[in-house]
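K.L.:
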Amino acid sequence: MYQQTTAHLQSCFALRPGDVVLARLFPIISLQRMLVSLVEGGLNPWQPGLLNKPHYLEAGASKRGVNNYLSEVETWTGRRCFKTHNFPKMLPFAWPPEPVCAENVFGKVPPKIVVFVADPRYALALMKEVFSTKSFVNPMPMPCDMTDFIEAFVDQQLPVFGDYFDHALAWADEALEHPANVRLFSAERFASHNPRDVCQAVVELAEFLEVPKASEVALHLVSLLSQSPPDVHAVFQGDSLIPLDVMHGGPMIELVGPRLQAFQDALFQASNPVQCTFRRMLTSWFDAPSLCLATLGESAAKGVASLLPITCSRPWKGKAVTGKARAGNAFSILEASAGTALRCAPIATAMAMHQQNVQAARRGPSGRFVFTLLRQMGSPRDDQVPAAVFGSGVWRNPRHKMGSA
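Every position in the sequence shown, counted from 1, becomes a number in this note's numbering once 27 is added.
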């Protein structure tokens, strides 16, 4: 998709200092709103028209023509935010970037690429919703059963932008090679039911982007996420995709728990070959050169054992849902815990240690995964969690040791 446009952009477009590119292969418009509000300085993810700019590089250049598109983005003041779905070797700009000079008029912050990755179950559930829901990018939706969607995915009948697993692995390798410019972030952390976790995730994102006063900015941005305006329809009117949860009184960032549960229920109904193929796909992430990606792969391999109890997966809600204002409670939690949460050891340290272990392992004898598939449990009672599990254990890569959480 957009091959000619991409090739043209590669030859004539380079990111300037301060630019930020969002790279992801699953649809989550809410995170794009959060990132754009953080990068472009508005700090209001609910701002109507926030995504009106042609941030999607390939689509914007294809629609307007490359020269006209580049002339338009040159007029954007301040830091700029872009988006791409491509693999690192097919980026619509010159890469890697040139070193930033101290006297550069656009500042000293090098170009950054934020790669949002997610538990494959969460990502596939979101993909299925986009295929089934009418929107600007999907005027002719194709409603389908979740089980059928999973089968189509594992049979590689949905090659919209490329393979989801290979895309994430390619970006993990790129982050290992260019750690100052590229980093992977787990989407689930921004959708957590715990505002402390969300705040810590936003702090880490802001620090990677070298946003001034990252802790204060994160606290402000997270507090706004829980305050939906009276007319949410007006907020998303011009967006290509609309977050479904917020339109029904839920949070802006799509809930994780219900989607993981729905995926597990559907997987349980799938054929054994489909389940086995999906399991094999997950193993490709176990020795990824990214702690973020390896953790997501192991979590997905646990099946229902990785799910939170229903009572713990409900979001902190506002007046529109509960009939009484509870947003203040979320603010007080954030403010009271900000000092503790923001003093946590940087995740970058753990990531660096994991990457060193992976590099060392790759230089040694090759190893293969040793894993045991526990038998699936019988049909559950109505009050039990569905038994669509891969087994309560986790496939282990003997070349690195990680916790089960």
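The beta-carbon is built from N, C-alpha and C at its ideal position, and this holds for glycine as well.
Can you name the start and end residues of the beta strand (DSSP E) that T33 belongs to?
P.N.:
Residue numbering aside, residue 33 sits at position 6 when the sequence shown is read from its first letter. Unbroken run through T33 is the alpha helix (DSSP H), Q30 to C39; no beta strand (DSSP E).
K.L.:
When you compare the region 79 to 99 with the region 277 to 290, are there three or more beta-carbon pairs, one atom per stretch, that lie closer than 8 Å?
P.N.:
No, the region 79 to 99 is not in contact with the region 277 to 290.
K.L.:
Is the separation between the beta-carbon of L251 and that of N71 shorter than 8 Å?
P.N.:
Reading the sequence shown from its first residue, position 224 is the one you call residue 251. Reading the sequence shown from its first residue, position 44 is the one you call residue 71. Against a cut-off of 8 Å, the Cβ pair of N71 and L251 comes out as a contact.
K.L.:
Which of helix, strand or coil does DSSP assign to I56?
P.N.:
Counting from one through the sequence shown, the residue named residue 56 turns up at place 29. Helix at I56.
K.L.:
Entirely within the region 67 to 148 and at least 4 residues each: give me those alpha helix (DSSP H) ranges in chain order.
P.N.:
DSSP runs (the alpha helix (DSSP H)) wholly in the region 67 to 148: 84 to 91 and 93 to 100.
K.L.:
Classify N113 as buried or exposed, calling it buried when 16 or more other Cβ atoms lie within 10 Å of its own Cβ.
P.N.:
The residue you call residue 113 lines up with position 86 of the sequence shown. So N113 ends up on the buried side.
K.L.:
Examine the Cβ distances between the region 151 to 167 and the region 218 to 232 and report whether three or more of them are shorter than 8 Å.
P.N.:
Flag = no, the region 151 to 167 and the region 218 to 232 do not touch.
K.L.:
Whole angstroms are fine: how far does the CA of H35 sit from the CA of V48?
P.N.:
Position 21 of the sequence shown, counted from the first residue, corresponds to residue 48. Position 8 of the sequence shown, counted from the first residue, corresponds to residue 35. One C-alpha to the other measures close to 18 Å.
K.L.:
Measuring straight from C-alpha to C-alpha, what distance separates A321 and D172?
P.N.:
Locating residue 321 in the sequence shown gives position 294, where the first residue counts as 1. Locating residue 172 in the sequence shown gives position 145, where the first residue counts as 1. Each residue's Cα considered, the two are about 29 Å apart.
K.L.:
Would you give the residue range spanned by the beta strand (DSSP E) that F238 belongs to?
P.N.:
To locate residue 238, count along the sequence shown from 1; it is residue 211. The sequence given here places Val at residue 238; Phe does not occur at that position. It is not in any beta strand (DSSP E) - V238 carries neither H nor E in the DSSP assignment.
K.L.:
Closer than 6 Å by C-beta to V142: which residues in its own chain qualify, once you throw out the five before and the five after it? Chain order, please.
P.N.:
In the sequence shown, counting from the first residue as 1, residue 142 sits at position 115. Closer than 6 Å at the Cβ level, and outside the excluded window around V142, lie A50, W198 and L211.
K.L.:
Looking at the secondary structure, which residues open and close the alpha helix (DSSP H) in which A327 lies?
P.N.:
The sequence position of residue 327 within the sequence shown is 300, counting from 1. Looking at the DSSP string, the run of the alpha helix (DSSP H) that includes A327 is L318 to A328.
K.L.:
Quick one: using the 10 Å Cβ neighbour count with 16 as the cut-off for buried, is P168 buried or exposed?
P.N.:
As a first step, residue 168 is located in the sequence shown; it is residue number 141 there, counting from the start. Counting Cβ neighbours within 10 Å, P168 comes out exposed, since fewer than 16 surround it.
K.L.:
When you compare only the Cα positions, how much space is there between V66 and Q31?
P.N.:
In the sequence shown, the residue the question calls residue 66 occupies position 39. In the sequence shown, the residue the question calls residue 31 occupies position 4. The alpha-carbon atoms of V66 and Q31 are separated by roughly 29 Å.
K.L.:
What separation, rounded to the nearest whole angstrom, lies between the Cα atoms of V93 and W103?
P.N.:
Walking along the sequence shown from the start, residue 93 turns up at place 66. Walking along the sequence shown from the start, residue 103 turns up at place 76. Using only the alpha carbons, I get a separation of about 16 Å.
K.L.:
Using the rule of at least 16 other Cβ atoms within 10 Å of the residue's Cβ for burial, across every protein chain shown, is A441 buried or exposed?
P.N.:
This structure leaves residue 441 out entirely; the chain is present only between 28 and 432.
K.L.:
Count the other CB atoms, across all protein chains shown, that sit within 10 Å of the CB of E26; report buried if there are 16 or more and exposed otherwise.
P.N.:
Examination of residue 26 is not possible in this model, given that the chain is present from 28 through 432 alone.
K.L.:
Applying the 10 Å Cβ sphere with the 16-neighbour rule, what's the burial state of A261?
P.N.:
Against the sequence shown, residue 261 aligns to sequence position 234. Flag for A261 reads exposed.
K.L.:
So, using beta-carbon positions, are A241 and P137 closer together than 8 Å?
P.N.:
The sequence position of residue 241 within the sequence shown is 214, counting from 1. The sequence position of residue 137 within the sequence shown is 110, counting from 1. No; because the gap between Cβ atoms is not below 8 Å, this pair is not in contact.
K.L.:
V181 lies in the alpha helix (DSSP H); which residues open and close that run?
P.N.:
Here residue 181 refers to the residue found at position 154 of the sequence shown. Looking at the DSSP string, the run of the alpha helix (DSSP H) that includes V181 is M173 to V181.
K.L.:
Among R91, E178, A195 and D266, which has the Cα closest to the Cα of K161?
P.N.:
Translated into positions along the sequence shown, residue 161 becomes position 134. Among R91, E178, A195 and D266, the Cα nearest to that of K161 is on D266.
K.L.:
So what does DSSP say about A202, is it helix, strand or coil?
P.N.:
For the purposes of this step, residue 202 is taken as the residue at position 175 of the sequence shown. Three-state result, A202: helix.
K.L.:
Within 10 angstroms of the Cβ of D182, are there 16 or more other Cβ atoms? Answer buried if so, exposed if not.
P.N.:
In the sequence shown, the residue the question calls residue 182 occupies position 155. Burial call: exposed.
K.L.:
From V301 to P316, what does the alpha carbon distance come to, in whole angstroms?
P.N.:
Locating residue 301 in the sequence shown gives position 274, counting from the first residue. Locating residue 316 in the sequence shown gives position 289, counting from the first residue. Near 27 Å, if we compare the C-alpha coordinates of P316 and V301.
K.L.:
Just to confirm, is the Cβ distance from P119 to H205 under 8 Å?
P.N.:
By one-based count along the sequence shown, residue 119 stands at place 92. By one-based count along the sequence shown, residue 205 stands at place 178. Cβ atoms of P119 and H205: not closer than 8 Å.
K.L.:
Alpha carbon to alpha carbon, how far is L309 from N299?
P.N.:
In the sequence shown, counting from the first residue as 1, residue 309 sits at position 282. In the sequence shown, counting from the first residue as 1, residue 299 sits at position 272. Rounded to the nearest angstrom, the two C-alpha atoms are 16 Å apart.
K.L.:
Could you check whether the Cβ of W312 sits closer than 7 Å to any heavy atom belonging to the ligand SAM?
P.N.:
You won't find the ligand SAM in this model; it holds no ligand whatsoever.
K.L.:
Which residues does DSSP list as the beta-bridge partners of V262?
P.N.:
Counted from its first residue, the sequence shown places residue 262 at position 235. Note: V262 sits in no beta bridge, so no partner.
K.L.:
So if DSSP puts F212 in a beta bridge, which residue, or which two residues, is it bridged to?
P.N.:
For the purposes of this step, residue 212 is taken as the residue at position 185 of the sequence shown. Answer is F143.
K.L.:
How long is the line joining the alpha carbons of L369 and E237, rounded to whole angstroms?
P.N.:
Locating residue 369 in the sequence shown gives position 342, where the first residue counts as 1. Locating residue 237 in the sequence shown gives position 210, where the first residue counts as 1. For L369, the predicted model reports a pLDDT of 40, less than 50, meaning its position is unreliable and no value from the coordinates is stated.
K.L.:
Let me see if you follow: with CB-CB separation under 8 Å, is I140 close to chain B or not?
P.N.:
Here there is only one protein chain, and chain B is not present.
K.L.:
Could you give the distance in angstroms between the alpha-carbon of A179 and the alpha-carbon of A328?
P.N.:
To locate residue 179, count along the sequence shown from 1; it is residue 152. To locate residue 328, count along the sequence shown from 1; it is residue 301. Their backbone Cα atoms lie some 20 Å apart in a straight line.
K.L.:
Smallest Cα separation from G45: which of F158, K135 and N79?
P.N.:
Within the sequence shown, residue 45 is the residue found at index 18, counting from 1. Checked all of F158, K135 and N79; the closest Cα to G45 is K135.
K.L.:
Compare the C-alpha of G324 against each of L335, R306 and L334 and name the closest.
P.N.:
For the purposes of this step, residue 324 is identified with residue 297 of the sequence shown, where counting begins at 1. Answer by Cα proximity: R306.
K.L.:
Report the option in C319, V244, V273 and R43 whose CA atom is closest to the CA atom of C128.
P.N.:
Position 101 of the sequence shown, counting from 1, holds the residue named residue 128. Taking only the C-alpha atoms, the option nearest C128 is R43.
K.L.:
Could you check what DSSP says for A293 in three-state terms: helix, strand or coil?
P.N.:
Residue numbering aside, residue 293 sits at position 266 when the sequence shown is read from its first letter. In the structure shown, A293 sits in a helix (DSSP, three-state: H, G or I).
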